[in-house]
Structure formats: C-alpha cells, structure tokens
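My numbering numbers the first residue of the sequence shown as 54 and each following residue consecutively.
Just so it is clear, CB atoms sit at the ideal spot from N, CA and C, and this is done for glycine as well.
The structure displayed is predicted, hence computed values, not measured ones.
Written below as structure tokens is the structure these notes are about.
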Amino acid sequence: MSVFGRLRPLLDTALDRTIVPGYTRIGYRLRRSGWSGDPPPGALRGRTALVTGANRGLGKAIAAGLAGLDATVLLTVRDRENGERARDEIVAESGADVRVEVCDVSDLDAVRTFAADLRTRVSRLDVLIHNAGLLPATRDEAADGHEITLATHVLGPILLTELLAPMLAASDDPRVILMSSGGMYTQSLPVEDPEYRIGRYRGAVAYARTKRMQVAFTPILARRWADRHIRVYSMHPGWADTPGVASSLPGFRAVTGPLLRTLEEGADTAVWLAATSPAPPTGTFWHDRRLRPEHYLPWTRSSDRDRDVLWRYCATAIGLDGVD
Numbered sequence: 054m055s056v057f058g059r060l061r062p063l064l065d066t067a068l069d070r071t072i073v074p075g076y077t078r079i080g081y082r083l084r085r086s087g088w089s090g091d092p093p094p095g096a097l098r099g100r101t102a103l104v105t106g107a108n109r110g111l112g113k114a115i116a117a118g119l120a121g122l123d124a125t126v127l128l129t130v131r132d133r134e135n136g137e138r139a140r141d142e143i144v145a146e147s148g149a150d151v152r153v154e155v156c157d158v159s160d161l162d163a164v165r166t167f168a169a170d171l172r173t174r175v176s177r178l179d180v181l182i183h184n185a186g187l188l189p190a191t192r193d194e195a196a197d198g199h200e201i202t203l204a205t206h207v208l209g210p211i212l213l214t215e216l217l218a219p220m221l222a223a224s225d226d227p228r229v230i231l232m233s234s235g236g237m238y239t240q241s242l243p244v245e246d247p248e249y250r251i252g253r254y255r256g257a258v259a260y261a262r263t264k265r266m267q268v269a270f271t272p273i274l275a276r277r278w279a280d281r282h283i284r285v286y287s288m289h290p291g292w293a294d295t296p297g298v299a300s301s302l303p304g305f306r307a308v309t310g311p312l313l314r315t316l317e318e319g320a321d322t323a324v325w326l327a328a329t330s331p332a333p334p335t336g337t338f339w340h341d342r343r344l345r346p347e348h349y350l351p352w353t354r355s356s357d358r359d360r361d362v363l364w365r366y367c368a369t370a371i372g373l374d375g376v377d
C-alpha cells in the first residue's frame, strides 16, 4: 500500500472532524478518489425500492440513482402532479420502471391507509428509503397532533416500515435507510420534550433533534426487525444544494453555496447502501460510504435509559406492539 493509501483513513477522519471540508464537495471528491468501486450496472435489477419525499432534491436524486441501477422505483410523494413530473424526468434518463405513489408520511392515518393499499398491489419490497423531510419556520402539528418534524422524520417512517415489514421480509436482502443530517451532531435526544412544546421554537433545532432520534433509534429498529432479516441504516448526506436548503436556510446557502455538494453527491451514500454487496452491518450510521461515530460533542450523549424512554414514547404514539 502506498504512503497516501495508509494516510487515507487519517485524512478521512480529519475531514469529518473539521466539518466544512468534510461535509462539502471537497470532502466528497477527496474521499471518492479512494473508493474501491461503485455498484455495478444492473445491481438492483429485479429489486423494488420505495423512496419517500422523492419528487425533488435528494429524494429525486436517490430515486434516479436507484433507477440507474435498474431498480423498480416507487416514487412516494404528497402531490401526484409533482411526482409524475419527477417520474417522467427520471424515466427519460434511465428508461427504468418508475411508479408514483401518494402518501403524506406525517399523517399516521394516511400512512396506515397507504400501506394497506400497497400490500394489495406489491408483493415484495427490497429497499425502503425514508427521505421525506421539512424544516419549518414555526411550530406546526401534523394531522394527528404531533409536532410536524417528529411526525415526518420519526413517527411516520417507523410506522410505515412496521406496516411494510411483511413485504420487506419477502425479499432475500431487505434494507431500510433513514436519511439523517449532519446537524444532528449538535443536538442531544429531546427526552423531556419530544414534541417541542417548551421554550422558543426553532425549526433548525427541531429538524436536528428529530434527525438525532433517527440515528439513536437505528440499532433499536435493527433489533426489532432482525427476525425478518431486515437491515436498518441511517446516514447523512453532507451539505448538499437542495431546494430545502435554498428555501429554509438562505443565509447558510449564501455563504456556503460554492462548496455545497450536488444532489447526486448528497444522494450517493443512500444509493450505495441500497445496492452494495455484501450488505453492510445492520444498525449502523454512515456518511460518504464509511461508518461514522454518532457523537462528536460530549453534551449530545444520552443514556440508554433516556433513549429507551424516548423510544417508548414514539412507539406508543404510533401504536407499536411488543414494546416494553
């Protein structure tokens, strides 16, 4: 191995700790030069993948990446017209089988209705990618009365996966991927206030806290679905130039714009986790195709008890069975 090859892990770690180089296109392009290879053409042929929030931004880029590997893609969106527009663009590029599904994952009743209907039409699901997300300016509640980021990023995805677990179990290699965010590194678990009712509401904090919850719950979900051989991953995309960043964080984009990753670069690890072989270990957290620590700042750490308390709150909110 060359000297550079031996130093590459140190460079990768340094990029991760210094944030700006690691999360921007600089980090992606430096790391990519050391990757052993991409999933081969046709890696997902014969497999079906469902992607939420897939009509634009990272979700659309993930769907396009999966379609480019010959997956059948269920483009799951809130607005059918926007979904059909995205589907047409993806099909024009890949020629893949891309279908539009409609579901608002923040609405738990809508999730239940959607899952029941999908089970009558699709017998097997191989990949489920939870990408739908939002960063609200003010506190809002979903149809069930839960704070909107909690409902969208945590409750809806867990419920949808639970309801589709029989379809995933029919696959010989089922994988579930939660799209988290590097912003979660700034937050601890909101054990005392999961619905963000206390104090001044800040959308960026609500977003990051629920993204922290996704990562904290990943090993719990991996254990819950292990008997069905469902592998569960969470990952963060770095800083990508998404429509959500442009609309919700215009100041951040104005400063970092030239360094932001492309949508394809931000989507890369999600596509890789869906397609790489052999499958990575379940219950793990990823960025740029590498396992990452869940914490960098000591005050973001929570006890196992706190994590379990928050998990039980969420499980009760969506009516999961078999939760202590």
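- With distances taken between CA atoms, A327 lies nearest to I115 out of I79, I115, L344, N108.
- Boundaries of the alpha helix (DSSP H) around V164: 161 to 174.
- In its chain, beyond the 5 residues on either side, G110, L111, K113, A114, A293, D294, T295 have a beta carbon closer than 8 angstroms to the beta carbon of L316.
- With fewer than 16 other CB atoms across the displayed protein chains lying within 10 angstroms of its CB, D280 is exposed.
- Between the C-alpha atoms of P303 and S176 there is a straight-line separation of about 43 angstroms.
- Per DSSP, the beta-bridge partners of R284 are R228.
- Annotated as proximal: L212 and V164, with beta-carbon spacing under 8 angstroms.
- For V144, the uninterrupted alpha helix (DSSP H) segment begins and ends at 133 to 147.
- With the rule of 3 Cβ pairs closer than 8 angstroms, the region 199 to 211 does not count as touching the region 117 to 136.
- For W325, the enclosing alpha helix (DSSP H) stretches over residues 316 to 328.
- Apart from the 5 residues on each side of it in sequence, E194 sits with its Cβ closer than 7 angstroms to the Cβ of E200, I201 in its chain, given in chain order.
- Counting along the chain, A102 sits inside the beta strand (DSSP E) bounded by residues 101 to 105.
- Residue nearest to G372 within the set S287, P311, D162 is D162 (criterion: CA-CA distance).
- Residue burial annotation: L344 is exposed, with fewer than 16 other C-beta atoms found within 10 angstroms of its C-beta.
- Runs of the alpha helix (DSSP H) spanning 4 or more residues and lying entirely within the region 185 to 224 occur at 209 to 222, in chain order.
- Excluding its 5 nearest sequence neighbours in each direction, A218 has C-beta neighbours in its own chain below 7 angstroms: W278, R281, I283, listed in chain order.
- Here H348 has Y238, R354 as same chain residues with Cβ atoms under 8 angstroms from its own Cβ, once five neighbours each way along the sequence are excluded.
- In this chain, the beta strand (DSSP E) harbouring R152 covers 151 to 155.
- Per DSSP, the beta bridge partners of T129 are T105, E154.
- Note on L242: 16 or more other CB atoms within 10 angstroms of its CB, so buried under the neighbour-count rule.
- Short of 8 angstroms from the beta carbon of A299, and not among the five residues preceding or following it, lie these beta carbons of its own chain, in chain order: R306.
- Sequence-distant partners of G136 (beyond 5 residues in either direction) whose C-beta falls short of 6 angstroms from its own C-beta, in its chain, are N108, L128, V130, V153.
- Straight across, the Cα-Cα distance linking V244 with D141 is about 43 angstroms.
- The Cβ atoms of P92 and L122 sit closer than 8 angstroms to each other.
- The DSSP-derived three-state label of A332 is coil.
- Counting only the Cα atoms, T166 lies some 45 angstroms from S86.
- In the DSSP assignment, L242 falls outside any beta strand (DSSP E), carrying neither H nor E.
- By alpha-carbon distance to G291, the top candidate from R255, A323, V151 is A323.
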